[in-house]
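Reading through the structure tokens given below for one structure.
In my numbering, the protein residues as written are 3 to 309.
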């Protein structure tokens, strides 16, 4: 097991880093989960994207701390959570980690905000934790085939090489900064939203022993996120489906989620891509204000009210 490092290179004022130890009931492959905590008020749980960590929300969290107690989780094996050899990184296993945090910290009436992979986990965890989750804000759910491969030629080449059976394990250990920057910019309209500080933190975490195997396993488990759509109809709490105008998802992907979540309110953010928490943190923060929801949500086919 590779223990997490509680000292990331990027800090978010007003938050502290904590670790959640596994209980015997969590099984031998659970490992410790690291999370950030800060602020006061109604609880908000933040779930990050593929190959990132809690610091993915470094631009959003400052907007939330005044009115919310914020918990930002490093999903199993990612960020500074423990890396446990043999652990699974498919959607049900990662969902179990989210539910573990909710249960062990005895969180109730939580608004769960997830982005990309985190949006899928927010929805599936809510389906199993309705007594603890009050609402889900699902940002650009990554629940369709292709995903990051749609972001550009470079991403297609790199991810395909990482998943290749022979060269993949070696390729996953190589993350040149210009390549990582280019891949992440494929999910942005505003390139300035990706700071060097955040990029350096992701690259530093990527050098943890065993992290390359985690990254490869996470990419390999992406089909399980598509399969997780079957859980959506069991979600009984209010849902906001939030999409960037230029997200990787297609109209058919978004329509499929509207059918699976017929009671959800739909938001489309103009001039934004996949990583909305980086590009439009103030807009996401406004969504957490219940009084703002009615003004900035729309159904598919109606004009967007978000500026």
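Note that the Cβ used here is the ideal one computed from N, Cα and C, for glycine as well.
- Under the criterion of beta carbons closer than 8 Å, residue 45 and residue 91 do not qualify as touching, at roughly 26 Å.
- With contacts defined by Cβ atoms closer than 8 Å, residue 89 and residue 239 do not form a contacting pair.
- In the structure shown, residue 118 falls within a coil segment according to DSSP collapsed to helix, strand and coil.
- For residue 205, the secondary structure class from DSSP, reduced to helix, strand or coil, is helix.
- Between residue 125 and residue 237, the beta carbon gap of about 6 Å places them in contact (Cβ cut-off 8 Å).
- Taking the C-beta atoms as reference points, residue 143 is found nearer than 8 Å to residue 259.
- A direct Cα-to-Cα measurement between residue 229 and residue 146 gives close to 9 Å.
- Between the stretch 194-212 and the stretch 43-63 there are three or more C-beta pairs closer than 8 Å, enough to call the two in contact.
- Judged by DSSP secondary structure, residue 93 falls outside any beta strand (DSSP E) and instead within the alpha helix (DSSP H) spanning 93-106.
- Taking the Cα of residue 93 as reference, the smallest distance to any Cα among 222, 14, 276, 261 is reached at 222.
- Separation of residue 233 and residue 226 (C-alpha to C-alpha, rounded to the nearest whole angstrom) is 11 Å.
- Residues of the same chain with a CB within less than 6 Å of the CB of residue 53, apart from the 5 flanking positions on each side, are 217 in chain order.
- At a Cβ-Cβ threshold of 8 Å, residue 110 and residue 134 count as neighbours.
- If you draw a 10 Å sphere on the C-beta of residue 3, you find fewer than 16 other C-beta atoms in it, and that means exposed.
- With a contact defined as Cβ atoms closer than 8 Å, residue 12 and residue 212 miss out at about 21 Å.
- In this structure, DSSP gives residue 182 a helical state, which the three-state scheme calls helix.
- Using a Cβ distance threshold of 8 Å, residue 112 and residue 49 do not count as a contacting pair.
- Taking the Cα positions, residue 19 is about 19 Å away from residue 201.
- Collapsing the DSSP output to three states places residue 266 in coil.
- In the three-state reduction of the DSSP assignment, residue 254 falls in the helix class.
- Counting along the chain, residue 36 sits inside the beta strand (DSSP E) bounded by residues 35-41.
- Under the DSSP definition of a beta bridge, residue 138 partners with 114, 241.
- Bridge partners of residue 45 according to DSSP: 71.
- Setting aside the 5 residues that flank it on each side, residue 193 is surrounded in the same chain by 187, each with a C-beta closer than 8 Å to its C-beta; the list follows chain order.
- Taking residue 278 as reference, the option from 207, 263, 148, 121 with the minimal CA-CA separation is 121.
- DSSP, reduced to helix, strand and coil, places residue 58 within a helical segment of the structure shown.
- Between residue 265 and residue 248, the gap from beta carbon to beta carbon reaches 8 Å or more.
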